[in-house]
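Chains as they are written, first to last, in my numbering: chain E, -7 to 256; chain P, 4 to 329; chain S, 21 to 283. Idealized CB from N, CA, C, for every residue including glycine.
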Amino acid sequence: MSNILEIRNLKVNFYLPHQTITAVEEVNLDIKKDEIVVLAGESGSGKTITALSITRLIPPNARIISGSIKFNNENLLGLEESRLIDIRGRGIAYIFQEPVSFLNPLYTVAEQIAEAVMLHKNKTKKESILEAKALLEMVKIKDAEKVLFDYPHQLSGGMNQRVFIAMALALQPRLLIADEPTTSLDVTTEAEILNLLLQLKNELGFSLLFITHNLSIARKIADRVCIMHNGKIVEEGAWEDIYHSPKHFHTKELIEAYEKIGKI
Amino acid sequence: MLNYILRRLLGIIPLLLGITIISFAVIHLAPGKPVTLEQSLNPKVSPEVRMKLERLYGLDKPLYAQYTNWLLKIIRFDFGRSFSDNRPVMEKILERVPLTLTINLASLFFMLILAIPIGVKSGAKPGGIFDKIATILVFIGFATPAFWLALLLMNLVGIKLGWLPISGIKSLDFDYFSFFGKIIDLVKHLILPVFVSSIGGLAGISRYMRFSVIDALGQPYIITARAKGLPEKIILYKHALRNAILPIVTILGLSLPGLLGGSVIFESIFALPGIGRLFYEAVMMRDYPLIMAEVVLGAVLTMLGNLIADISYAYVDPRIRYRKES
Amino acid sequence: MMNKQLMCGILIIGIFALIAILAPIISPYEPSAIDQNSLLMPPSRQHILGTDSLGRDLLSRMFYGSRISLSIGLIAVGISTGIGLALGSCAGFYGGMIDALIMRSVDVLLCFPTFFLILAVVAILEPSIFNIMIIIGLTSWMGPARLIRSEILSLKEREFIQAARAIGASDFRIIFRHLIPNAIAPVLVNAILGIAGAILLESGLSFLGLGVQPPIPSWGSILIESKSTLGIAWWIVFFPGLAIFLVILGFNMIAEGLRKAIR
C-alpha cells in the first residue's frame, strides 16, 4: 500500500517577540491509505503544529523552515495558493478540539456545511443544503431538519463535533486530521464519536491522523502510534509493541499516566 | 430575546427619572429666580405683580412640589413657553429637529461608508503600508479640533475658492431655483457641516473596525474556514467581517451624544437653524424653559439611541437572539 | 520604558509648558497692547504671527493663552479625576447600595450630551475661568470613576487569592504595592487624554463666547474673532487652532506611548 502522506525532516519555528522557539524538529511521518495513525504526546510537544503545517494552516508568527510534505506524491510546501486551496477540503480535512469555537457563531449549520460544497462542487445553494442534510444523517444526527438551521451555540459539544465531522467529510477527503476532537467531551460522547469515526472510515474510506494525549484512544483505534516529545517523534510502532516494550523514557511516562487514569 | 427587551425597557424608567431630577436640579442652581430676569427688564413691576408671576410659575411652592408639577407637565410634552417670544417650547424645538436629524444621519452614513472599508483594509494587513498611513491619518484626525477644521475649510473652500456656501441652508435666490436646483442648493449647503461633524467619528470607527477585524481574524473559526479551502477574500469578507461589524451597531448608539453636542458648535458656525443653534441662542438669552427642554430632550434622545442600539445588537447576534434553553 | 511616541509627546507638551511658564518673559509685546497702526497685519518680522483687529500681537496673546488653556485643562482634569477616584473607589470597595447608587448616577449623567450639560450650567452661573474649570471637572468624572471601580473590583479578587496564599511567607503589603501601580496606570492614561479633552472643551466654549471671556486670551477666545475676519485674516484662524491641535496631539502621543510602554 502506498503512502498517502509523507512528511520528511519537517522543521517549524515560532517567532515570539523575545525568542524563537523550534516547535517541530526533524519530524518524519508516513501515513498509508486507509491507515489510522495516532500522534500522541503531552501538550506543547508539537503535535498540533505538525498537523496544521500539512496544509499550511500555521499562525502568522510561525514558519516552516525546512522539510517536505508529500500528499499523493505532490509536495505541499511550495505549492501555489490556488492548488493548495483545492487540496484543502477536497484532499485533506480537519476536525478540531472544542468545535463550537471553530465554527462561526453567526452562521447556521446548514450555511457552514453548504459553503464548501457550493464552492468546490459548484452546486446551487438549495442543492448544497440538501446535501448538508444528508451529511448530517450520515453522522447519525436524528433531527437533521432542525439541526440544519440551528446555530453552533445552540448545540451540545457532541452534536457540534458531529456537525464538524459532516462538514469535514462533505468533499470526500482522502485524509482526515483530527486534533484532539474528543478531549473536551464527556466519556460517553467520546466513545460515540470514536465509534462514528471508525464507522465512517470503513464506509467512505479515508486515512485518519488522530492527535491526542490520551493513550487509551491509541489503544482503541490505532493501526500505528507515533509518540511525540519536544518537537520530535521519539518512538513509533503498533500499539502492542509500544505498550509492551517502550524504548523512550517519555513513552514510558505516557504509559504510566495511562495506567493511572485507568483503561477505558 | 423578549426577556432582554423587557428588562431593558424597564431599566429606562429609573434613567428617565434621574434625567429629570438632574435637569431640574441644574436649572434651579440659578442664584436668581427666572422671574428676576423678566422683572429686571422692567423695573416698574410692583411687588403684587411679582407675586402673581411667582405664583404663575409655581415658584412660591416648595422644591419637590415644583419638581412634581414640572414632571407632570413634561410627560405631556408641555415644556412651557419660551422667554424670548412666548411661543411653546416644544413647537420651537420640533420645527428645527428635521434639519439636525438630517445632518446627523448624513454624518453617520458618511462615517460608516468610509470608516468601515478603511478599518477592514487596515485590519486585514496590520503593519502594512495602508495601515500605517491610515493610522497616522486617524491620529491626526483625532487631534484636530473639529471647529477649527470647519473654520479653515470655510476660509479655504468657501471664500478663497468659492466652491461651497458657508452659511445657512439656502442661498438668497433659493426661491427662483427649479425643484432640482433647490435640492442641489440644499445639498451644497450641507456638505461642509456634514463632512466636518463626521471627522471625529470617522477616525474612531475606523480604529474600532481595525481592532475588531484583527480580533476576528485571530479566531479559531478562521482556521476552519481556511482548512475548508475557502479563498482569502471570502474568509475576510464573509467570515471575519460579519463578526467584526456586529458591535458597530452599539458604537453608533454611543456616538449620538457626541453628534448632538457637536451640533451646537457646527450649527452656530455654519448658521444652520437646527436644535443645536437653538440651544446656543437659548443659553445666550438665558431662556430657561427652552434650555431645560433641550437638556432633557438631549438626554432622552441619547438614552433612546443607546436602547435601540442595544436591542438591535441583541437581534443581530444569534447568540443573544436565540438563547440556549438548556 | 521609553518609546518614540512617548518622547515625542513629552517634547511637544514640554515646549508648551515652558511657553506657558515663561510667557511674560518671552512675549515680544503685552497681550493686551492695542496698536491702532497695525490692525489686522499678516505675519511679519515685527509681528511673527500677525495682529488682530485691535492691533494686538497674536504671538504674545498665544503665549499667554497657553497659560489659560493649559491650566484650565490641568485643573479640570484634576477635579474630575479626583472626584472619579473618590466615588469610583467607594463604589468598588463598599459595593452594595453605595455601588448601585453611584453607578446609576454615572449612567444617568452619561445620557447627557456633555456640551449640553456644560452649556446649561454656564447659562446659570456666569462664565469665568474658575467656573469653567469646575464645570468641566464636574461633568467628566464618570470615566475615571468607572475605571477605578473596575480596577478595584479585580484587585479585590486578586487580593482574596493572595490572602489565601499569604498565610505562607508572602508579604501582603508588598503585593498590595505591586497591584496599586497596575490599577493607577489606566487612570493615568485616561487623565492625560482627559487634559486634551478638557482643553478642547474649553476652547469650544470660549469660541462660543461662553467660556473664557475676551479680552482674556485663551486659544478659544482668540478664535472668536476669526469668524468676523473670515477670508481677511487667515492667521487668526490658523495659529490658535494649530496650537490646540499640537497640544492635543502631544497629549495623545503621551497617552499612546504610555499604553505601549506599560504593555
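Where G264/P falls: helix, strand or coil (DSSP): For G264/P, the secondary structure class from DSSP, reduced to helix, strand or coil, is helix.
E119/E in three-state terms, based on DSSP: DSSP, reduced to helix, strand and coil, places E119/E within a helical segment of the structure shown.
Taking L167/E as part of the beta strand (DSSP E), name the residues at either end of that continuous run. Looking at the DSSP string, the run of the beta strand (DSSP E) that includes L167/E is 167 to 171.
Below 9 Å between beta carbons is the criterion; list the residues of the stretch 119 to 133 of chain S that meet it against any residue of chain C, in chain order. In summary, chain C is missing from the structure at hand, where the protein chains are E, P and S.
Counting only Cβ-Cβ distances shorter than 7 Å, please list the residues of the stretch 279 to 291 of chain P near chain S, keeping chain order. Answer set for the stretch 279 to 291 of chain P: F282, Y283, V286, R289.
Taking Y143/E as the reference, give the member of G197/E, L201/E, Y86/E, V101/E with the closest Cα. Checked all of G197/E, L201/E, Y86/E, V101/E; the closest Cα to Y143/E is V101/E.
Check whether the Cβ of S241/S lies closer than 8 Å to any Cβ atom in chain P. Among the residues facing chain P, S241/S is not included, as its CB has no counterpart in that chain under 8 Å away.
For I278/P, name the three-state secondary structure that DSSP assigns. I278/P: helix per DSSP, three-state reduction.
Boundaries of the alpha helix (DSSP H) in which F156/E is found, first to last residue: Here the alpha helix (DSSP H) through F156/E covers 149 to 161.
Residues that I(-3)/E bridges to, as DSSP identifies them: A small correction: the amino acid at residue -3/E is Leu; Ile does not occupy that position in the sequence shown. L(-3)/E is bridged to I23/E, F63/E.
List, in chain order, every chain P residue whose beta-carbon is nearer than 9 Å to that of G261/S. Neighbours of G261/S on chain P, chain order: T147, P148, F150, W151, L152, L154, L155.
Is G231/S close to chain P, meaning its C-beta is less than 8 Å from at least one C-beta of that chain? The C-beta of G231/S comes no closer than 8 Å to any C-beta of chain P.
Would you please state the rounded distance, in angstroms, between the beta carbons of T71/S and M61/S? I believe it to be under 8 Å. Beta-carbon to beta-carbon, T71/S and M61/S are separated by about 5 Å, close enough to satisfy the 8 Å threshold.
Distance, Cα to Cα, M114/P vs M212/P? Distance between M114/P and M212/P, taken at the CA atoms: about 12 Å.
Residue interval of the beta strand (DSSP E) (run including A32/E): Here the beta strand (DSSP E) through A32/E covers 28 to 32.
Decide if F241/E is buried, meaning its Cβ has at least 16 other Cβ atoms within 10 Å, or exposed. When all chains shown are included, F241/E counts as exposed.
Which partner residues of N5/E appear in the DSSP bridge assignment? In the DSSP assignment, N5/E is bridged to T14/E, R55/E.
Within 10 angstroms of its Cβ, does N107/P collect 16 or more other Cβ (buried), or is it exposed? Buried is the call here.
By the 10 Å Cβ neighbour count, where 16 or more other Cβ atoms means buried, how is S(-6)/E classified, buried or exposed? Flag for S(-6)/E reads exposed.
What's the gap between the Cα of D22/E and the Cα of L95/E? Looking at the backbone, the Cα of D22/E and that of L95/E are separated by about 30 Å.
In this structure, how does DSSP classify V319/P when only helix, strand and coil are distinguished? Helix at V319/P.
Which one of L111/E, V29/E, I(-1)/E has the shortest CA to CA distance from C218/E? Cα-wise, what sits closest to C218/E is V29/E.
Check whether chain P comes within 8 Å of A189/S, counting only Cβ atoms and requiring the distance to be less than that. Low confidence applies here, because A189/S scores a pLDDT of 46, under 50, leaving its location unreliable and the question unanswered by this model.
For S35/E, which residues from the same chain have a beta carbon less than 8 Å from its beta carbon, with the 5 sequence-adjacent residues on both sides left out? The beta carbon of S35/E lies closer than 8 Å to those of H205 in the same chain, with the five residues before and after it left out.
Please classify F150/P: is it buried, with 16 or more other beta-carbons within 10 angstroms of its beta-carbon, or exposed? Only buried fits F150/P, as 16 or more other CB atoms lie within 10 angstroms of its CB.
From L196/E to V155/E, what distance separates their C-alpha atoms? Taking C-alpha positions only, L196/E is separated from V155/E by approximately 17 Å.
Quick check on E90/E: does DSSP put it in helix, strand or coil? Coil at E90/E, not helix or strand.
For the putative contact between E222/S and G231/S, defined by C-beta atoms under 8 Å, what is the C-beta separation to the nearest angstrom? Contact between E222/S and G231/S holds, since their C-beta atoms are separated by about 6 Å, short of 8 Å.
Which stretch, first to last residue, makes up the beta strand (DSSP E) that contains M220/E? Where M220/E is concerned, the enclosing beta strand (DSSP E) stretches over 216 to 221.
Between L139/S, I32/S, Y114/S, G85/S, which lies nearest to A43/S when the distance is taken from Cα to Cα? Among L139/S, I32/S, Y114/S, G85/S, the Cα nearest to that of A43/S is on G85/S.
Where K252/E falls: helix, strand or coil (DSSP): Reduced to three states, the DSSP call for K252/E is helix.
Segment contact, 8 Å Cβ cut-off, at least three pairs: the stretch 250 to 263 of chain S with the stretch 127 to 142 of chain S: Note that the stretch 250 to 263 of chain S does not touch the stretch 127 to 142 of chain S; fewer than 3 beta-carbon pairs, one per stretch, sit closer than 8 Å.
Residue range of the alpha helix (DSSP H) that includes K138/E: Element bounds for K138/E: 136 to 140.
Quick one: what's got a C-beta closer than 6 Å to L44/E's C-beta in the same chain, skipping five residues either side? For L44/E, where only same-chain residues beyond five positions count, the Cβ hits under 6 Å are I50.
Count the other CB atoms within 10 Å of the CB of A28/P; is the residue buried (16 or more) or exposed (fewer)? By the 10 Å Cβ count, A28/P comes out exposed.
Counting only beta-carbon atoms, is F142/P nearer than 8 Å to chain S? Closer than 8 Å to some Cβ of chain S, the Cβ of F142/P qualifies, so yes.
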